[in-house]
Amino acid sequence: MAALINVPAKARRGDVIEIRTLTSHIMETGFRHTADGKLVPRDIITSFTCRYNGTEIFRADLFPAIAANPYLSFFAVAKESGRFEFEWIGDNGYSSTASASITVE
Amino acid sequence: MSVWRAIAAAALVAAAPALAGEIPPDARRSGYSFMGPDTRAMQDDDTSNPGMLFVLDGEQLWGKKTGSAEKACADCHGDARSSMKGVAARYPAFDKTLGRPVTLDQRINLCRANHQKAAPLPYESRDLLALSAFVAHQSRGAAITAGDDPQAKPFVEQGRDLFMQREGQLNLACTNCHDDNFDKRLAGAPITQGQPTGYPLYRLEWQTLGSLERRLRSCMSGVRAQAYDYGSPELVALELYLMSRARGLPMETPAVRP
Amino acid sequence: MPTKADELAPYKVVGDGIPQSLTGSPGDVTRGRALVLARTTTCILCHSGPFPETRFQGDLAPDLTGAGNRWTTSQLRLRLVDASRFNAETIMPSYYRADGLARVGRNFAGKPILSAAEIEDIVAFLATLRD
Amino acid sequence: MPTTRRQFLSLAGGVTAAGTIPIVTLRPLRATPAMLNTAIRNVVGEAPIRTGKVKVDIPPLVENGNTVPMTVTVASPMTADDHVKSIHVFNEKNPQPNIANFYLGPSSGRAQVATRIRLADTQKVVAIARLSDDTFWQVAVDVVVTLAACTEEMN
Numbered sequence: 054m055a056a057l058i059n060v061p062a063k064a065r066r067g068d069v070i071e072i073r074t075l076t077s078h079i080m081e082t083g084f085r086h087t088a089d090g091k092l093v094p095r096d097i098i099t100s101f102t103c104r105y106n107g108t109e110i111f112r113a114d115l116f117p118a119i120a121a122n123p124y125l126s127f128f129a130v131a132k133e134s135g136r137f138e139f140e141w142i143g144d145n146g147y148s149s150t151a152s153a154s155i156t157v158e
Numbered sequence: 065m066s067v068w069r070a071i072a073a074a075a076l077v078a079a080a081p082a083l084a085g086e087i088p089p090d091a092r093r094s095g096y097s098f099m100g101p102d103t104r105a106m107q108d109d110d111t112s113n114p115g116m117l118f119v120l121d122g123e124q125l126w127g128k129k130t131g132s133a134e135k136a137c138a139d140c141h142g143d144a145r146s147s148m149k150g151v152a153a154r155y156p157a158f159d160k161t162l163g164r165p166v167t168l169d170q171r172i173n174l175c176r177a178n179h180q181k182a183a184p185l186p187y188e189s190r191d192l193l194a195l196s197a198f199v200a201h202q203s204r205g206a207a208i209t210a211g212d213d214p215q216a217k218p219f220v221e222q223g224r225d226l227f228m229q230r231e232g233q234l235n236l237a238c239t240n241c242h243d244d245n246f247d248k249r250l251a252g253a254p255i256t257q258g259q260p261t262g263y264p265l266y267r268l269e270w271q272t273l274g275s276l277e278r279r280l281r282s283c284m285s286g287v288r289a290q291a292y293d294y295g296s297p298e299l300v301a302l303e304l305y306l307m308s309r310a311r312g313l314p315m316e317t318p319a320v321r322p
Numbered sequence: 027m028p029t030k031a032d033e034l035a036p037y038k039v040v041g042d043g044i045p046q047s048l049t050g051s052p053g054d055v056t057r058g059r060a061l062v063l064a065r066t067t068t069c070i071l072c073h074s075g076p077f078p079e080t081r082f083q084g085d086l087a088p089d090l091t092g093a094g095n096r097w098t099t100s101q102l103r104l105r106l107v108d109a110s111r112f113n114a115e116t117i118m119p120s121y122y123r124a125d126g127l128a129r130v131g132r133n134f135a136g137k138p139i140l141s142a143a144e145i146e147d148i149v150a151f152l153a154t155l156r157d
Numbered sequence: 244m245p246t247t248r249r250q251f252l253s254l255a256g257g258v259t260a261a262g263t264i265p266i267v268t269l270r271p272l273r274a275t276p277a278m279l280n281t282a283i284r285n286v287v288g289e290a291p292i293r294t295g296k297v298k299v300d301i302p303p304l305v306e307n308g309n310t311v312p313m314t315v316t317v318a319s320p321m322t323a324d325d326h327v328k329s330i331h332v333f334n335e336k337n338p339q340p341n342i343a344n345f346y347l348g349p350s351s352g353r354a355q356v357a358t359r360i361r362l363a364d365t366q367k368v369v370a371i372a373r374l375s376d377d378t379f380w381q382v383a384v385d386v387v388v389t390l391a392a393c394t395e396e397m398n
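Here the protein sequences come in this chain order: A, B, C and D. For the first sequence, our numbering begins at 54 and goes up steadily by one. For the second sequence, our numbering begins at 65 and goes up steadily by one. For the third sequence, our numbering begins at 27 and goes up steadily by one. For the fourth sequence, our numbering begins at 244 and goes up steadily by one.
Printed below as a string of structure tokens:
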């Protein structure tokens, strides 16, 4: 399973940068039924967190109304060189992580 | 007149007039041109195009050894960026051994059977979609030329006949909507020309990547017809006709469509 | 798949219409309006009409406004039952026909698109659409 | 290279293959205005909610309700003293009234988030922002969703 992360490689100190993430997940709502009437159990990502050099700067609670392959765009102030770490947590013990580095001048 | 000039002139005559009811080459439009700006934006940026998630998975599979032959696609084909460039724009392609055209999905499974000694990947499975998306992505921007092979012609004709054939409880043929009524609206939704420029593509409706065969089957369900099976000669012929009908349009894989 | 065309109510074409109700009684205008607007009935996918509450209407086929002025009840009935009698090239399906079709889906084989009663309801409603 | 680069990352994760579930039906189960109100009160409590400061951008005509691009922006300087703490998005007619909660702060620099949502039908979407002074601001938008003319069905 893949994720697409878009973080600028370089920024000037104080710049406001856009961060975009896209990750593979079916986001099964838990409200759908199969043709023979069985409920398809919910299987979604429930939480997304972004940490910048260890400090949480953005978090999201996701519900079944978020489309499959969740896309998130948000902003951050480029303070220092380092790493952005991303974490997705969901139903059935789902967990995945990714990271991206930035050079701040 | 030289032989070459005669051939060129004959080719021009053969290529120029579209058959009655068909869309002339300079009027052919990708489904992209029927979409709103937000869906276009989703396709245009690789980091927001969800189809790219499948291309990434396909890239991994390309390099992964599989089957009892313990071979990866890359072991024979090398770097897909050069070896697969333009290939998908020629598919479905005539296979001399089988004596019939095969789709890109079928080619991948033939490679698995013959060279990797691996089980075929099921139609619409994530791995098959990912591999075909990765291969077709290498043709992004290449002009579609499928059906140019003279040996493929009878199959293009078969596909054309199927395209013109009314079917289902609603008794409609593909041509009734996609040649005669594109740009009109079926309820609120615009009818496109049905040019298969971006398959496999990410449909917002599906919330996943899907093949042209899946799309054809859902159109058939729409007119309340019995859809042809995946990989059936009829679907392959239709796919081949549709690709030849889109001749000259650039590949967009992975496209995004509503 | 055996054809069950014999289950369709018999009807008699007179001139360019079917003068007699398929069910023997008049249709219900209110039900007819609801059927015309229901996407599963398929009218509204291609036609538009004087339906201010319905946002998405088709434009592949003529506006239904004034249909009751343009056609008699008898003509409306035949147009719904089998529009291909007027124009073999029409894209309008024949709503009361179950034969002469190719590859009909399993769930639809042998059945007309609409029942005789539904046809009558729609005919009754369309007849009320006057300019 | 421009300042933007792309990082294609592969993730490990135990995810089942998508697209393998046979076509399914959504039963007519919908959030009610009361459920929407309860969901909002669960976040806001008894605090008053003022209208303003928040903007929701959704295409004027949504091409498919299964994947709807949405951007929420709050007018805020995003300083230590005056910033947005959270943004909460709700809907009226999906089976459940919540869409998402976003938690941000002065290190965000800009109070703007974008995602893609599902909207079962034409309906109202409500976004509420909680500012650093614990005031709540909201906007409600009506979203028109195009229904697919042909849906994929088993037949």
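No residue lacks a Cβ here, since even glycine has one placed at the ideal position from N, Cα and C. Keep in mind that this is a model prediction, so the values were computed, not measured.
Asked	Found
Identity of the residues DSSP links to E138 (chain A) by a beta bridge	A:R104, A:S152
Environment of N337 (chain D) [buried if 16+ CB atoms lie within 10 Å]	buried
Chain A within 7 Å of L279 (chain D), Cβ atoms only	no
Chain-order list of residues whose beta-carbon lies under 8 Å from that of G308 (chain D) (same chain, five-residue window excluded)	R361, L362, A363, D364, V388, T389, L390
Reference I371 (chain D); option with closest CA among D:A354, D:V386, D:R359	D:A354
contact_flag[the region 89-97 of chain C, the region 248-262 of chain B] where n(CB pairs < 8 Å) is 3 or more	no
Residue-level contact to chain A via CB, Q271 (chain B), 7 Å cutoff	yes
P297 (chain B) - containing alpha helix (DSSP H), residue span	297-309
Counted within 10 angstroms of its Cβ, other Cβ atoms place V297 (chain D) as buried (16 or more) or exposed	buried
Whole-angstrom distance between E231 (chain B) and L127 (chain C), CA atom to CA atom	6 Å
CB of L313 (chain B) within 7 Å of CB of S94 (chain B), strictly	yes
Whole-angstrom distance between P117 (chain A) and L92 (chain A), CA atom to CA atom	15 Å
DSSP state of E188 (chain B) mapped onto helix, strand, coil	coil
Extent of the continuous alpha helix (DSSP H) to which R96 (chain C) belongs	93-96
Check whether R359 (chain D) and P302 (chain D) have beta carbons under 7 Å apart	no
Which of helix, strand or coil DSSP assigns to L374 (chain D)	strand
Distance CB(E138 (chain A))-CB(R104 (chain A)) smaller than 7 Å	yes
T358 (chain D) - containing beta strand (DSSP E), residue span	355-360
Span of the alpha helix (DSSP H), counted from its first residue to its last, around C300 (chain D)	A small correction: the amino acid at residue 300 (chain D) is Asp; Cys does not occupy that position in the sequence shown. Segment 297-300 is the beta strand (DSSP E) holding D300 (chain D); no alpha helix (DSSP H) there.
V267 (chain D) to A88 (chain A) span [Cα, whole Å]	In this predicted model, V267 (chain D) has a pLDDT of only 48, less than 50, meaning its place in the structure is not dependable; the value taken from the coordinates is given anyway. Going by the C-alpha atoms only, they are around 6 Å apart.
For H326 (chain D) and F101 (chain A), the rounded distance between their alpha carbons	21 Å
Of the listed residues C:A35, C:E33, C:P36, C:L155, nearest to T98 (chain C) (C-alpha basis)	C:L155
Residue closest to T275 (chain D), alpha-carbon to alpha-carbon, out of D:K367, D:V305, D:M321	D:K367
Range covered by the beta strand (DSSP E) that runs through M313 (chain D)	311-317
Contacting residues, own chain, Cβ-Cβ under 6 Å from G135 (chain A) (five flanking each side not counted)	N106
L125 (chain B) at chain A interface by Cβ criterion, 7 Å	no
is_contact[S126 (chain A), chain D] using C-beta, thresh 7 Å	yes
Beta carbon of T74 (chain A) nearer than 7 Å to that of I58 (chain A)	yes
Among C:L86, C:A124, C:L152, nearest to N240 (chain B) - alpha-carbon criterion	C:L86
Alpha helix (DSSP H) segment containing V286 (chain D), residue limits	276-287
Inter-residue Cα distance where the pair is I87 (chain B) and Q229 (chain B)	17 Å
7 Å Cβ cutoff, F84 (chain A) in contact with chain D	yes
Cβ distance (whole Å) where E146 (chain C) is taken to contact G53 (chain C) below 8 Å	3 Å
Extent of the continuous alpha helix (DSSP H) run through L160 (chain C)	Because chain C is modelled from 27 through 157, residue 160 (chain C) falls outside the range shown and cannot be assessed.
Minimum Cβ-Cβ distance from A343 (chain D) to chain B less than 7 Å	no
Classification of C140 (chain B) by the beta-carbon crowding that lies within 10 angstroms, buried from 16 upward	exposed
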